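Numbering (our numbering), first residue to last: 1 to 218.
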């Protein structure tokens, strides 16, 4: 498990398009705090929240609970093409602790690798319920503690920064109804093979950074 992470969030190089929002599971972001400190040692607590990556979420029909994506295959009825799929499918809310083993308390975050049928997770830090927490590291520094004493061999427990659109792509993609509130917008070198939703358009780099928590099999 990963504990006492002072900072967090996510980022992207490509914006996301088309995610609708489901209503079958309420989305309630776990609360976690961080601190910002001056060179003189004075620190101020900042209340932040955690959001689950869209790629880990239940993606189902906007009409009912039929899965749009099962295993590694799209439902060909709901998703005969990308445009139709974006209209027919919705990202739903997450049961963070019950389904994903994600628990935040005070300034600590715990990620459990296996929770029931779920394997792994990736979460980001929110400044509020609809905006990622951004970081500008120029002339600044950050510190954190990670407890990996219970992490077995062969697993990747990662904490990292990457570029991001703080709204999760809402402003640049009219079809994206989910945004940062549902963990949209992440992209890395695996995007063409791994992510369910990318728009294929690499965007200009943003100097603001976010920090990502990832727990997966290496």
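In this text, a Cβ means the ideal position worked out from N, Cα and C, and glycines have one as well.
Bear in mind the structure is a predicted one, so any value in this text is a computation, not a measurement.
Apart from the five residues just before and just after residue i, which ones in its own chain have a Cβ nearer than 6 Å to its Cβ?
| i | result |
| --- | --- |
| residue 151 | 157 |
| residue 103 | 97, 110 |
| residue 20 | 62, 90, 177 |
| residue 166 | 131, 132, 134 |
| residue 49 | 29, 31, 126 |
| residue 11 | Residue confidence is low: residue 11 scores 31 on pLDDT, short of 50, so the model does not pin down where it sits. No coordinate-derived value is stated. |
Identify, in the order they occur along the chain, each residue of the same chain with its Cβ nearer than 8 Å to the Cβ of residue i, setting aside the five sequence neighbours on each side.
| i | result |
| --- | --- |
| residue 35 | 6, 43, 44, 45, 46, 107 |
| residue 105 | 32 |
| residue 40 | none |
| residue 22 | 58, 60, 62, 90, 91, 92, 93 |
Please tell me whether residue i and residue j are closer than 7 Å, where the distance is taken between their beta carbons.
| i | j | result |
| --- | --- | --- |
| residue 25 | residue 92 | yes |
| residue 54 | residue 182 | yes |
| residue 51 | residue 100 | no |
Count the other C-beta atoms from every protein chain shown that fall within 10 angstroms of the C-beta of residue i, then say buried if there are 16 or more, exposed otherwise.
| i | result |
| --- | --- |
| residue 83 | exposed |
| residue 88 | buried |
| residue 126 | buried |
| residue 187 | buried |
| residue 116 | exposed |
| residue 121 | buried |
Report, in whole angstroms, the separation of the C-beta atoms of residue i and residue j, which I expect to be a contact under 8 Å.
| i | j | result |
| --- | --- | --- |
| residue 179 | residue 169 | 7 Å |
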